[in-house]
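Encoded as structure tokens, the structure appears first; notes follow it.
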Amino acid sequence: QNQVRTGLARMERVVRERMTTQDVEAITPQTLINIRPVVASIKEFFGTSQLSQFMDQNNPLSGLTHKRRLSALGPGGLSRERAGFEVRDVHPSHYGRMCPIETPEGPNIGLIGSLASYGRVNAFGFVETPYRKVIDGVVTDDVDYLTADEEDRFVIAQANAGLSEDMRFTENRVLVRRRGGEIDYIAGDDVDYMDVSPRQMVSVATAMIPFLEHDDANRALMGANMMRQAVPLIKAEAPLVGTGMEYRCAVDAGDSIRAEKDGVVQEVSADYVTVANDDGTYTTYRVAKFSRSNQGTSV
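Each step along the sequence shown adds one to the number in the working numbering, with nothing skipped, and position 257 is 262.
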């Protein structure tokens, strides 16, 4: 969006200059408008920008993680030399938005992060995270997405807080988070929101570490980063221990084929699968077998 904006601004300047010099009678849109600045701006971004990168495609997780990366570097951002400890450190506003675990270990530590599992970027470029609304001590299924500054106005309970059948808190005093990461125990009726999931604060890769809560943060960081380096198998097997995030990761990475509609497999060949859908239509899915990824692996 920024690249298109700068390109259009340049084009506007050219149009204004031409309008002042050309004859009003003979003027046409073709003589005024030149799209070259917009094209050049977009090509420059994809060709030379620090933020346009060759996708890490070692395995499905590394591709997904690369697409969900958050960077403080690049044009308009920080430089590695200028960035001090405060910028790189974990901050209470990262909760549910940026993973506190997954970050590089080298000079980029803290400057490159990963979007949290449930985080999303809103229309203004701020990262939002979902919370369940609590009304008069009753936890509802209504979900509100809040930015870090909006969240500061509310008192938020943990996702693992005990709930009764009528969706009230079972404990008299509930552990909550207040402004600036302060914690407190308060009555259930005073709670405004509740986390949607215990893995809300971590990224996809970190959420795939079993028993993460028992691990040292430094070792979890290494584990999350090393999962992206695993070489995919020709015959993949399900792990003996998983966290439930594996399925979502595989589907959302987009490397596996998934039927768009319910149906029955009609025909299977070496390079395609045809499904007879329940609505009477047929869909053929092409199977890309042993196709080379960017890193030379077979994803």
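All C-beta atoms in this analysis are idealised placements derived from N, C-alpha and C, irrespective of residue type, glycine included.
Own chain, CB closer than 7 Å to residue 232, minus 5 neighbours either side, in chain order:
Around residue 232: 66, 210, 213.
Tell me, please, which residues DSSP counts as bridged to residue 174.
168, per the DSSP bridge assignment.
Host alpha helix (DSSP H) of residue 313 (start-end):
Residue 313 lies beyond the stretch modelled for the chain, which goes from 6 to 304, so this question has no answer here.
If you follow the alpha helix (DSSP H) that residue 34 is part of, which residue opens it and which one closes it?
Counting along the chain, the alpha helix (DSSP H) containing residue 34 begins and ends at 34-37.
Rounded to the nearest angstrom, what separates residue 77 and residue 84 at their Cα positions?
Each residue's alpha carbon lies about 8 Å from the other.
Does the segment 87-97 come into contact with the segment 279-297, if we say contact requires no fewer than three beta-carbon pairs (one atom in each stretch) closer than 8 Å?
Here the segment 87-97 does not lie against the segment 279-297, with fewer than 3 beta-carbon pairs under 8 Å apart.
Beta-carbon contacts of residue 262 that lie in its chain and below 7 Å, excluding the five residues immediately before and after:
The residues are 290, 292.
7 Å Cβ shell around residue 219 - same chain, five flanking residues per side excluded
Excluding sequence neighbours, residue 219 sits near nothing in its chain.
CA-to-CA distance, residue 177 to residue 195, given in whole angstroms
Rounded to whole angstroms, residue 195 and residue 177 show a C-alpha spacing of 11 Å.
Per DSSP, which one or two residues make a beta bridge with residue 282?
Under DSSP, residue 282 takes part in a beta bridge, and its partners are 268.
Taking all protein chains shown into account, decide if residue 119 is buried (16 or more other Cβ within 10 angstroms of its Cβ) or exposed.
Classification for residue 119: buried.
Which residues in the same chain have their Cβ closer than 7 Å to the Cβ of residue 101, if we skip the five residues on either side of it in sequence?
Exclusion of the five residues before and after residue 101 leaves 121, 123, 124, 134, 205, 206 as the residues of its chain whose Cβ lies within less than 7 Å of its Cβ.
For the beta strand (DSSP E) that contains residue 199, what are its first and last residues?
Taken as a continuous stretch (DSSP letters only), the beta strand (DSSP E) holding residue 199 covers 198-200.
Spell out a yes or no on whether the segment 140-149 and the segment 162-178 are touching, meaning 3 or more CB-CB pairs, one atom from each, closer than 8 Å.
At 8 Å Cβ cutoff, the stretches touch.
In this structure, how does DSSP classify residue 123 when only helix, strand and coil are distinguished?
Shown here, residue 123 sits in coil according to DSSP, grouped into three states, outside any helix or strand.
Apply the 10 Å Cβ neighbour rule to residue 274 and answer buried if 16 or more other Cβ atoms are within range, or exposed otherwise.
By the 10 Å Cβ count, residue 274 comes out exposed.
Could you check how far apart the C-beta atoms of residue 11 and residue 46 are, in whole angstroms? I think they sit under 8 Å.
With 8 Å as the limit, residue 11 and residue 46 qualify as a contact, their Cβ atoms being about 5 Å apart.
Within its chain, find whatever has a CB closer than 7 Å to the CB of residue 182; leave out the 5 residues flanking it on each side and keep chain order.
Counting only Cβ-Cβ distances below 7 Å, and skipping sequence neighbours, we find 161, 188.
If you count every other CB in all the chains shown that lies within 10 Å of the CB of residue 61, and 16 or more means buried, which is it?
Of the residues assessed, residue 61 falls on the buried side of the cut-off, its CB having 16 or more other CB atoms within 10 angstroms.
Can the beta-carbon of residue 179 be found less than 8 Å from the beta-carbon of residue 191?
Yes, these two residues count as a Cβ contact at 8 Å.
What number of angstroms, rounded off, separates the C-alpha of residue 57 from the C-alpha of residue 155?
It is roughly 31 Å from the alpha-carbon of residue 57 to the alpha-carbon of residue 155.
Identity of the residues DSSP links to residue 139 by a beta bridge:
For residue 139, the beta-bridge partners assigned by DSSP are 144.
May I ask you to list the residues that DSSP assigns as paired with residue 303?
Partner(s): 297.
Does the distance between the C-beta of residue 158 and the nearest non-hydrogen atom of the ligand HEM fall short of 7 Å?
This structure lacks the ligand HEM; in fact it carries no ligand of any kind.
So residue 153 and residue 208 are supposed to be a Cβ contact under 8 Å. How far apart are they, rounded?
The pair is not a contact, with the Cβ atoms about 17 Å apart (cut-off 8 Å).
In terms of alpha-carbon separation, which member of 138, 150, 265 lies closest to residue 131?
Measuring C-alpha to C-alpha distances from residue 131 to each of 138, 150, 265 identifies 150 as the nearest.
Excluding the five sequence neighbours on either side, which residues of its own chain have a C-beta within less than 6 Å of the C-beta of residue 215, listed in chain order?
Once the five neighbours on either side are set aside, the close Cβ partners of residue 215 are 246, 248.
Residue 252 burial status per 10 Å Cβ neighbour count (16 or more: buried)
So residue 252 counts as exposed.
Would you give the residue range spanned by the beta strand (DSSP E) that residue 74 belongs to?
74-76 is the span of the beta strand (DSSP E), which, as asked, contains residue 74.
Count the C-beta pairs between the segment 6-22 and the segment 34-52 that are closer than 8 Å, then say yes if the count reaches three, no if not.
Contact holds: three or more Cβ-Cβ distances are below 8 Å.
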